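As structure tokens, the structure follows; a few thoughts come after it.
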Amino acid sequence: MTEPTMRTLTAYQHDLFEAHEKIISGVLEPSTKEDIIFCALGAAGEAGEVANLIKKMWREDYGNTLSSGEWEVFRLKVAEEITDTMVYLMLLATNMNINLDQSMEDALEKVYTRWPETRPKR
Ligand SMILES: [Mg+2]
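Numbering that gives the first Met the number 0 applies: residue 0 is where the sequence shown begins, and numbers increase by one.
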């Protein structure tokens, strides 16, 4: 796991949404019901791509005999689909005026409340 960077989820949300607005221009109105549906369906589709790769791994389409190079190719495919999923989810959140930095803080606090022994000692 790499060290966290200073770039926030909010910054990614902002930049992705600006690009999204340009991409959908003339096709969809940003932040409308249709755009929200588009992003939710996009996220579901990309999550399905993640699940399909893992299914293939489980079914051993990729076998137990992957070389470390083959495993790395597979791992990067999974990373790409996870990222695609996150992009759509971030766009969905932005469309719905949800601040993901705050949402993640809330989620982490929920974990620490449920499992207090996991709270870092600071
Ligand atoms: Mg994809």
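Don't be surprised by glycine CBs; every beta carbon is placed ideally from N, CA and C. Since this is a predicted model, take the numbers as computed values, not measurements.
In terms of Cα proximity to residue 40, the closest of 98, 97, 52, 86 is 86. Look at residue 83: its beta carbon is less than 7 Å from one of the heavy atoms in ligand 1.
Annotation for residue 90: 15, 16, 19, 38 place their beta carbon closer than 7 Å to its own, counting only its chain and skipping 5 residues before and after.
Contact annotation: residue 103 and residue 8 have beta-carbon atoms nearer than 8 Å. Of the candidates 30, 21, 42, 42 places its Cα closest to the Cα of residue 82.
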